[in-house]
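Enquirer: Handing you this structure, nothing more for now.
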Amino acid sequence: MNSSRLRQSMAHNVAVFRRQPLTEISGSLGDLGTFLPIVIALTEGHQVSLTTTLIFTGIYNILTGAFFGIPLPVQPMKAIAAVAILKSLSAGQTAAAGIFVSACILIFSITGLLSWITRVIPIPVVKGIQVGAGLSLIIAAGTKALSTLSWTAPSWADNYLWMVAAFIALFALNTRPRTPYALILFVTGIVFAIIRIVGDNHHHLPGFQVWRPYTQVPSAKEWKTGILDAGVGQLPLTTLNSIIAVTHLAADLLPEIETPSVTAIGLSVAGMNLFGCWFGAMPVCHGSGGLAAQYRFGARSGASIIFLGLLKLVVGIFFGETLTDMLHKFPLALLSVMIIAAGLELASVGESLNTARARDLGKETTRSTSAGEITDEEKKQRWTVIYLAISPR
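Quick note on numbering: the sequence shown equals residues 35 to 427 in the working numbering.
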């Protein structure tokens, strides 16, 4: 990235943050619904370090916000996280998986393979991936809530009543986009978590604890297990959803801002993990679900995730692992609403499939009909493709 693009991105970030600071801050918290549960689970399983993850993802947030000028998320690599939790992978195996995926992405980026894949994949397939990811978020959040919550349990601060209240507030504020809904929900959740910890002798409030860096070097056996069990399955997900789909979504949601190239996004994903995983940080990527979440709750520039990055950096350096109990007590009811709202936002991009807003139709100028117009049969074929792209999920 040249210095001119960096200056343009930062100028945009500053202008947007000055115009709507609260909504940018609110939007920065939009992806916590997926970030927090996975980080907590991996921390409790000793697969990653909470302190290192907060610090490194904070740095990644700051850099991506400054370089790209859009609310590009820093998310867990979900396939790796799922395998690590289900198979109780070691920290070394988890790191090996993240490093392997990022090394492959680096090769794809510098050889131009990512750009070629982007050109040959039809737009209906990309939108199918986006819609499928959105539906997956909704189903996962709903399933988790149904299996964990009831009308009065597991706590006075975490039940169906609060979930319903959060949904009502979400719909009521839908016509008032400047209201910092996610910020209100986050502060409410933190207050509830603190109150619950104070009344629980088995959990503790965060305390001062300075970060002590360490290295995480996988053994030969950990490399083999991590790559085969978790890395191979993550690679297509990262390529399609975290790089290709996210660039398409950025163009759809934020057309007034220059969309990052797939090569730039690929190099970003590679750089994050080829550095952070050696220090015990969670394997991460950029995902369309996180972008949709942050956009849904107000983020319109990189300033939002720069704020989030600074917040992560401060709490990671000075509190670190002592945050575990408080994060664990954060109400699932509120997190579930945030995840479902993000899923709805992401799934809604499918509605532009057969309109001029679809990237392939918008560029079309040589058809016998008007630019961007297609026949009913072609529309049906495009919907068939999108259904097929969704169905494997």
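Positions of the beta carbon are idealized from the N, C-alpha and C atoms, including for glycine. Because the structure is a prediction, the values reported are computed rather than measured.
Considering only the beta carbon of each residue, do A333 and L380 sit closer than 7 Å?
Expert: As a working mapping, residue 333 is identified with position 299 in the sequence shown. As a working mapping, residue 380 is identified with position 346 in the sequence shown. At the C-beta level, A333 and L380 stay beyond 7 Å of one another.
Enquirer: Between the Cα of T281 and the Cα atoms of M316, K258 and G324, which residue gives the shortest distance?
Expert: Numbered from 1 along the sequence shown, position 247 holds the residue referred to as residue 281. It is G324.
Enquirer: Please report the straight-line C-alpha distance between I218 and S60, rounded to a whole angstrom.
Expert: Mapped onto the sequence shown, residue 218 falls at position 184. Mapped onto the sequence shown, residue 60 falls at position 26. Computed Cα separation, rounded: 8 Å.
Enquirer: Measure from the alpha carbon of T370 to the alpha carbon of each residue in I96, L183, A75 and L123, then state which is nearest.
Expert: Counting from one through the sequence shown, the residue named residue 370 turns up at place 336. For the sequence presented, residue 370 should be read as Ser rather than Thr. When I96, L183, A75 and L123 are compared, the shortest CA-CA separation from S370 is found for L183.
Enquirer: Which complete alpha helix (DSSP H) runs does the stretch 326-379 hold, if anything under 4 residues is left out?
Expert: Runs found: 337-352 and 358-362.
Enquirer: Could you check if F134 is buried or exposed, using at least 16 other CB atoms within 10 Å of its CB as the buried criterion?
Expert: For the purposes of this step, residue 134 is taken as residue 100 along the sequence shown, with counting starting at 1. So F134 counts as buried.
Enquirer: Is I139 closer than 7 Å to V303 when the C-beta atoms are compared?
Expert: Taking the first residue of the sequence shown as 1, we reach residue 303 at position 269. Taking the first residue of the sequence shown as 1, we reach residue 139 at position 105. The answer is yes: Cβ separation under 7 Å.
Enquirer: Distance check for T409 and T399, CA to CA, integer angstroms please.
Expert: Numbered from its first residue, the sequence shown carries residue 399 at position 365. Numbered from its first residue, the sequence shown carries residue 409 at position 375. Low local confidence applies: a pLDDT of 43 at T399 is under 50, so the model's placement there is unreliable, and no value is given.
Enquirer: CB-CB under 8 Å to A100, same chain, minus the five flanking residues each way: which ones, in chain order?
Expert: If you number the sequence shown from 1, residue 100 lands on position 66. Taken in chain order, the residues that qualify are L40, S43, M44, N47, G336 and I340.
Enquirer: Excluding the 5 residues preceding and the 5 following Q243 in the sequence, name in chain order all residues of the same chain whose CB lies nearer than 7 Å to its CB.
Expert: Here the question's residue 243 lines up with position 209 in the sequence shown. Result list for Q243: F353, G354, E355 and T356, in chain order.
Enquirer: Quick check on DSSP: helix, strand or coil for D192?
Expert: Taking the sequence shown and counting its residues from 1, one reaches residue 192 at position 158. In the structure shown, D192 sits in a strand (DSSP, three-state: E or B).
Enquirer: Going by DSSP, what residues sit across from C319 in a beta bridge?
Expert: In the sequence shown, counting from the first residue as 1, residue 319 sits at position 285. Partner(s): Q109.
Enquirer: Counting only beta-carbon separations shorter than 7 Å, does L88 have a partner in chain C?
Expert: Within the model displayed, chain C is absent; a lone protein chain is all it includes.
Enquirer: Using the Cβ count rule (16 or more neighbours within 10 Å means buried), how would you classify F205?
Expert: What you label residue 205 is simply residue 171 of the sequence shown in a count that begins at 1. Under this definition F205 is an exposed residue.
Enquirer: Could you name the residues of the same chain whose beta carbon sits closer than 6 Å to that of G265, not counting the 5 residues immediately before and after it, in chain order?
Expert: Here the question's residue 265 lines up with position 231 in the sequence shown. If the five residues before and after G265 are omitted, its C-beta is found closer than 6 Å to the C-beta atoms of A131, F134 and V135, all from its own chain and listed in chain order.
Enquirer: So what does DSSP say about K121, is it helix, strand or coil?
Expert: For the purposes of this step, residue 121 is taken as the residue at position 87 of the sequence shown. Shown here, K121 sits in coil according to DSSP, grouped into three states, outside any helix or strand.
Enquirer: Does F51 pass the burial test, meaning 16 or more other C-beta atoms within 10 Å, or should it be called exposed?
Expert: Position 17 of the sequence shown, counting from 1, holds the residue named residue 51. It counts as buried.
Enquirer: Could I get the ranges of all uninterrupted alpha helix (DSSP H) runs contained in the stretch 282-321, with 4 residues as the minimum, in chain order?
Expert: 296-310
Enquirer: Among residues of its own chain, excluding the 5 on either side of L77, which ones have a beta-carbon nearer than 8 Å to its beta-carbon?
Expert: Within the sequence shown, numbered from 1, the residue matching residue 77 stands at position 43. The amino acid occupying residue 77 in the given sequence is Thr; Leu does not appear at that position. S83, L84, T87, E355 and T358, listed in sequence order.
Enquirer: Does the beta-carbon distance from M111 to Q268 come in below 7 Å?
Expert: Looking up residue 111 in the sequence shown gives position 77. Looking up residue 268 in the sequence shown gives position 234. Closer than 7 Å, so yes.
Enquirer: Taking 7 Å as the cut-off, decide whether the C-beta atoms of T57 and P214 are in contact.
Expert: For the purposes of this step, residue 57 is taken as the residue at position 23 of the sequence shown. For the purposes of this step, residue 214 is taken as the residue at position 180 of the sequence shown. Yes. Within cutoff.
Enquirer: Should A254 go down as buried or exposed, given a rule of 16 or more other Cβ atoms within 10 Å for buried?
Expert: Stepping through the sequence shown from its first residue, residue 254 is reached at position 220. Counting Cβ neighbours within 10 Å, A254 comes out exposed, since fewer than 16 surround it.
Enquirer: Under 8 Å by Cβ, that's how I've got P252 and Q164 pegged, so tell me the actual separation to the nearest angstrom.
Expert: Counted from its first residue, the sequence shown places residue 252 at position 218. Counted from its first residue, the sequence shown places residue 164 at position 130. Rounded, the Cβ-Cβ distance is 33 Å, inconsistent with contact.
Enquirer: Tell me the DSSP secondary structure of G241 in three-state form.
Expert: Indexing the sequence shown from 1 puts residue 241 at position 207. Coil.
Enquirer: State yes or no: is the C-beta of A191 within less than 7 Å of the C-beta of F220?
Expert: Position 157 of the sequence shown, counted from the first residue, corresponds to residue 191. Position 186 of the sequence shown, counted from the first residue, corresponds to residue 220. No, these two residues do not count as a Cβ contact at 7 Å.
Enquirer: Where does W196 land, buried or exposed, given buried means 16+ other C-beta within 10 angstroms?
Expert: Counted from its first residue, the sequence shown places residue 196 at position 162. Buried.
Enquirer: What is the residue span of the alpha helix (DSSP H) that T213 lies within?
Expert: Here residue 213 is taken as the residue at index 179 of the sequence shown, counted from 1. Looking at the DSSP string, T213 is not in any alpha helix (DSSP H), and its letter there is neither H nor E.
Enquirer: By DSSP, does R39 sit in helix, in strand, or in coil?
Expert: Along the sequence shown, one-based indexing puts residue 39 at 5. Correct three-state label for R39: helix.
Enquirer: Residues in the same chain with beta-carbon distance under 8 Å from L288, minus the five sequence neighbours each way, listed in chain order, please.
Expert: The residue given as residue 288 occupies position 254 in the sequence shown. The answer, listed in chain order, is I104, Y329 and R334.
Enquirer: Can G347 and I89 be called in contact, C-beta distance under 7 Å?
Expert: Locating residue 347 in the sequence shown gives position 313, counting from the first residue. Locating residue 89 in the sequence shown gives position 55, counting from the first residue. In the sequence on display, residue 347 carries Leu and not Gly. Yes; because the gap between Cβ atoms is below 7 Å, this pair is in contact.
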